Amino acid sequence: MKKIVFSIIASLVVLFTSPFFIHNQYTDYLNPMIKMRVDYAKVPKNTQKYYNVQAIDKSGKKLPYKIIYVGGYDPTMQYIAIHHKGQYVKVIDYIAKKKMPKLTAVNK
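Mapping of the sequence shown onto our numbering: residues 57 to 164, in sequence order.
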């Protein structure tokens with residue numbers, strides 16, 4: 057009986073702590089420790105699927121990670137504002153180049 061109770065408790069601990077250690081769009085969406093934020097990126101033209109997007113914040117610093125996938129809808133635009141929560145992308149907005157923050161010298 058003790059083994060069954062222990063295995064159930066261990067399974068529940070693994071189930072409830074895994075979203076804090078596994079980072080993908082599904083776990084980041086559910087993780088309450090990650091806040092929604094807006095960052096900016098330059099993406100390639102002539103495509104609507106952007107992979108491994110390196111985003112920068114408003115101060116011009118690169119994020120310590122790349123966003124694995126961002127889906128777009130306008131292949132003629134190149135600069136985006138990404139509303140995201142870790143890897144989970146809620147929405148993107150296409151912006152003009154002049155609204156894009158400049159990359160700081162530390163991160164170039």
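Virtual Cβ for every residue (Gly too), placed ideally from N, Cα, C. Source: prediction; values computed, not measured.
Only residues of its own chain outside the window of five on either side were considered, and among them Pro75 have a CB closer than 8 Å to the CB of Leu86, listed in chain order.
With respect to the C-alpha of Gly127, the residue from Leu119, Ala137, Lys118, Asp113 having the closest C-alpha is Ala137. Cα atoms of Thr160 and Asp130: separation of roughly 28 Å, rounded to the nearest angstrom. Around the C-beta of Tyr144, 16 or more other C-beta atoms lie within 10 Å, and the residue is accordingly described as buried.
Taking C-beta atoms under 8 Å as the contact rule, Asp95 and Leu119 qualify, at a distance of about 6 Å.
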